[in-house]
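A.B. asks: Protein chains in written order, with the numbering used here: chain A, 6 to 250; chain B, 6 to 250. Please see the structure below; I have some questions.
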């Protein structure tokens, strides 16, 4: 029998008012006198699934436990099955404190999540880890929205998981996804910057406006913002589909 | 710990000279005097992965073991994680003869495969099953290309896996995929029937020809077939990308 542990890891993308595409990372902070091996253990929100749990509900549960983020867009995008993915020395000390069988193989299912960042401000979340045969440990998760070009070295293969999620987003970016990442009312520069961040390239402003308006998926609203450059108010747009919401 | 078994199941699609989209199914036949519980056990080619094996190579290995099909297009399309997916009564008798721990949970990763059916004629494949703690059992696999609208009740959740693979193919069908399923030289009616089978709808002949020729991805060859209707020879086409192969 294969008898492998299964985990889920969530790559939560957010797009903030500074117009930056960010990923939500977590760091475990031990509560008081306990070990501090988790200090540099920055990772994606993720954990083992339970023996009797289906993957999608498990991803929702784990994300909620670790970040308080609930009921959001979550989609499987890849599976990471390198037999050595949890065996790096840098991770073993951490795993030894958290798992009853730290050497056992773990296959992880990557989930991509999109949120409007303003709805999910980072704060500390108390966690309550039950380790089979070893009782319970508690502590806090620090959460941090991190620019995609400033992501540090992460635990396990999480850097590779983020890169794969970005590739997925690049390939799949569509109006539904954009509308989740952006506020309901957005400006053309916001929409353009989102596309530039995801596609990782500069886009010609004039061509972008022409193309996006030609597609007819966004519509002008009557609202304007006074923060437009050169004192000229910027126009807000909405996705056509959002008009009737 | 979750300690779950991981398997892969392969949905191998082929498109034959009768212009039908088919799926490769297998039935285990016991060699001689042994049990015959496998008689009605028709399933997708699939098996548990090994403890130290990555998913993609595992899928290639398992498909080769069960069908002799080697080195083909194989792509993960979904994961099936219902905790009860191997617990149906209809499957338990079969599992009891094949697995050391038949009640254990199995999560399966679905792989989609595309082949030109003429290269893979069905024949019986000898199998050699090693069951942990129980020695080895041998027998034959019967393989059968089955029309997608004539698929019988399959083992476990394999009908659902086939349906999901078809949905995936429907969404992802592109020229690369079509070129794998079709012979190098094909007729427009062949290409149209492939699209009709995958999309599960009739397509207007005139519109289809107009659209596909406008896209410029296929080119006319000098070859013709004498089997065209009304005695008029049909023209063969090739995908533009195949021209330089």
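Quick reminder that beta carbons are idealized off the backbone N, C-alpha and C, glycines included.
#1: Would you identify the three-state DSSP class for residue 112 of chain A, choosing helix, strand or coil?
#2: Using only CA atoms, which one of A:201, A:84, A:12, A:60 lies nearest to residue 3 of chain A?
#3: Excluding the five sequence neighbours on either side, which residues of its own chain have a C-beta within less than 7 angstroms of the C-beta of residue 225 of chain B, listed in chain order?
#4: Within the 8 angstroms Cβ cut-off, does residue 201 of chain A reach chain B?
#5: My parser needs the alpha helix (DSSP H) runs of 4 or more residues fully inside the region 175-235 of chain A; what are they?
#6: Can you give me the C-alpha to C-alpha distance between residue 118 of chain A and residue 216 of chain B, rounded to a whole angstrom?
#7: Using the beta-carbon of each residue, which ones in chain B are nearer than 7 angstroms to residue 110 of chain A?
#8: Assuming residue 197 of chain B contacts residue 210 of chain B (C-beta within less than 8 angstroms), just tell me the rounded distance between them.
#9: Expressed to the nearest angstrom, what Euclidean distance is found between the alpha-carbon atoms of residue 28 of chain B and residue 108 of chain B?
#10: Could you have a look at residue 1 of chain B and say whether DSSP puts it in helix, strand or coil?
#11: Can you check whether the C-beta of residue 178 of chain A is within less than 8 angstroms of a C-beta belonging to chain B?
#12: Going along the region 159-188 of chain B in order, which residues come within less than 9 angstroms of chain A, judged by CB to CB distance?
#13: Does residue 97 of chain B get closer than 8 angstroms to chain A when you measure Cβ to Cβ?
#14: Among B:161, B:30, B:83, which residue has its Cα nearest to the Cα of residue 95 of chain B?
#15: Look up residue 161 of chain A in the DSSP assignment and say whether it is helix, strand or coil.
#16: Are the Cβ atoms of residue 153 of chain B and residue 202 of chain B separated by less than 8 angstroms?
#17: Can you list, in chain order, the residues of the region 70-94 of chain A whose Cβ is nearer than 7 angstroms to any Cβ on chain B?
#18: Could you tell me whether the Cβ atoms of residue 146 of chain A and residue 31 of chain A are closer together than 8 angstroms?
#19: Could one say the Cβ of residue 16 of chain B lies closer than 8 angstroms to chain A's Cβ atoms, at least one of them?
#20: Exposed or buried, residue 102 of chain A, counting other C-beta atoms within 10 Å across all chains shown (16 or more means buried)?
#21: Going by Cα to Cα distance, which pick from A:97, A:244, A:77 is closest to residue 193 of chain A?
#22: Taking only the alpha-carbon atoms, compute the straight-line gap between residue 69 of chain A and residue 80 of chain A and give it to the nearest angstrom.
#23: For a contact defined as C-beta to C-beta under 7 angstroms, what are the partners of residue 60 of chain B on chain A?
#24: Rounded to a whole number of angstroms, what is the C-alpha to C-alpha distance between residue 222 of chain A and residue 65 of chain A?
#25: Measuring only the C-alpha atoms, how far is residue 114 of chain A from residue 167 of chain B?
#26: To the nearest angstrom, how far is the alpha carbon of residue 176 of chain B from that of residue 237 of chain A?
#27: Please confirm whether residue 213 of chain A and residue 82 of chain A have their CB atoms less than 8 angstroms apart.
#28: With H, G and I counted as helix, E and B as strand and the rest as coil, what does DSSP make of residue 58 of chain B?
#29: Under 8 angstroms, do residue 9 of chain B and residue 156 of chain B count as touching if we go by C-beta distance?
#30: In the DSSP assignment, what are the bridge partners of residue 84 of chain B?
#31: Rounded to whole angstroms, how far is the Cβ of residue 184 of chain A from the Cβ of residue 59 of chain B, which I believe are closer than 8 angstroms?
#32: Taking the alpha carbon of residue 125 of chain B as the point to measure from, which residue in B:199, B:61, B:16, B:74 has its own alpha carbon closest?
C.D. replies: Based on what the coordinates show:
#1: Your numbering for residue 112 of chain A matches position 107 in the first chain. Reduced to three states, the DSSP call for residue 112 of chain A is strand.
#2: Nothing can be reported for residue 3 of chain A: it is not among the residues displayed for chain A, which extend from 6 to 250.
#3: Locating residue 225 of chain B in the second chain gives position 220, counting from the first residue. Taken in chain order, the residues that qualify are 240, 242.
#4: For this step, residue 201 of chain A is matched to residue 196 along the first chain. For residue 201 of chain A, the answer is no, since every Cβ of chain B falls outside 8 angstroms of its Cβ.
#5: 180-186, 193-204, 210-220
#6: Numbered from 1 along the first chain, position 113 holds the residue referred to as residue 118 of chain A. Numbered from 1 along the second chain, position 211 holds the residue referred to as residue 216 of chain B. So the alpha carbons of these two residues sit roughly 36 angstroms apart.
#7: Within the first chain, residue 110 of chain A is the residue found at index 105, counting from 1. Going along chain B in sequence order, the residues near residue 110 of chain A (Cβ under 7 angstroms) are 56.
#8: Translated into the one-based positions of the second chain, residue 197 of chain B becomes position 192. Translated into the one-based positions of the second chain, residue 210 of chain B becomes position 205. With 8 angstroms as the limit, residue 197 of chain B and residue 210 of chain B qualify as a contact, their Cβ atoms being about 7 angstroms apart.
#9: One-based indexing of the second chain puts residue 28 of chain B at position 23. One-based indexing of the second chain puts residue 108 of chain B at position 103. Approximately 28 angstroms, taken between the alpha carbons.
#10: Any question about residue 1 of chain B goes unanswered here, given that chain B covers just 6 to 250.
#11: As a working note, residue 178 of chain A is residue 173 in the first chain. Closer than 8 angstroms: no.
#12: none
#13: Taking the second chain and counting its residues from 1, one reaches residue 97 of chain B at position 92. Cβ-Cβ to chain A under 8 angstroms: no for residue 97 of chain B.
#14: Stepping through the second chain from its first residue, residue 95 of chain B is reached at position 90. Nearest of B:161, B:30, B:83 to residue 95 of chain B, Cα basis: B:161.
#15: Reading the first chain from its first residue, position 156 is the one you call residue 161 of chain A. Of the three classes helix, strand and coil, the one that applies to residue 161 of chain A here is coil, per DSSP.
#16: Within the second chain, the letter at position 148 stands for residue 153 of chain B. Within the second chain, the letter at position 197 stands for residue 202 of chain B. Cβ atoms of residue 153 of chain B and residue 202 of chain B: closer than 8 angstroms.
#17: 81, 84, 86, 87, 88
#18: Mapped onto the first chain, residue 146 of chain A falls at position 141. Mapped onto the first chain, residue 31 of chain A falls at position 26. In contact: residue 146 of chain A and residue 31 of chain A (Cβ atoms closer than 8 angstroms).
#19: Looking up residue 16 of chain B in the second chain gives position 11. Residue 16 of chain B does not count as touching chain A.
#20: As a working note, residue 102 of chain A is residue 97 in the first chain. It counts as buried.
#21: Against the first chain, residue 193 of chain A aligns to sequence position 188. Looking at the Cα atoms, A:244 is the closest of the given residues.
#22: The sequence position of residue 69 of chain A within the first chain is 64, counting from 1. The sequence position of residue 80 of chain A within the first chain is 75, counting from 1. Whole-angstrom Cα-Cα distance: 15 angstroms.
#23: The residue given as residue 60 of chain B occupies position 55 in the second chain. Correct list: 84, 86.
#24: Translated into positions along the first chain, residue 222 of chain A becomes position 217. Translated into positions along the first chain, residue 65 of chain A becomes position 60. Approximately 30 angstroms between the Cα atoms of the pair.
#25: In the first chain, counting from the first residue as 1, residue 114 of chain A sits at position 109. In the second chain, counting from the first residue as 1, residue 167 of chain B sits at position 162. C-alpha separation (whole angstroms): 21 angstroms.
#26: Looking up residue 176 of chain B in the second chain gives position 171. Looking up residue 237 of chain A in the first chain gives position 232. Straight-line Cα distance between these residues: approximately 44 angstroms.
#27: Numbered from 1 along the first chain, position 208 holds the residue referred to as residue 213 of chain A. Numbered from 1 along the first chain, position 77 holds the residue referred to as residue 82 of chain A. Not in contact: residue 213 of chain A and residue 82 of chain A (Cβ atoms no closer than 8 angstroms).
#28: Residue numbering aside, residue 58 of chain B sits at position 53 when the second chain is read from its first letter. Of the three classes helix, strand and coil, the one that applies to residue 58 of chain B here is coil, per DSSP.
#29: The sequence position of residue 9 of chain B within the second chain is 4, counting from 1. The sequence position of residue 156 of chain B within the second chain is 151, counting from 1. No, the pair does not count as a contact, with Cβ atoms beyond the cut-off.
#30: Here the question's residue 84 of chain B lines up with position 79 in the second chain. Residue 84 of chain B pairs with B:114.
#31: Position 179 of the first chain, counting from 1, holds the residue named residue 184 of chain A. Position 54 of the second chain, counting from 1, holds the residue named residue 59 of chain B. The pair is not a contact, with the Cβ atoms about 36 angstroms apart (cut-off 8 angstroms).
#32: Residue numbering aside, residue 125 of chain B sits at position 120 when the second chain is read from its first letter. That would be B:74, whose Cα lies nearest to the Cα of residue 125 of chain B.
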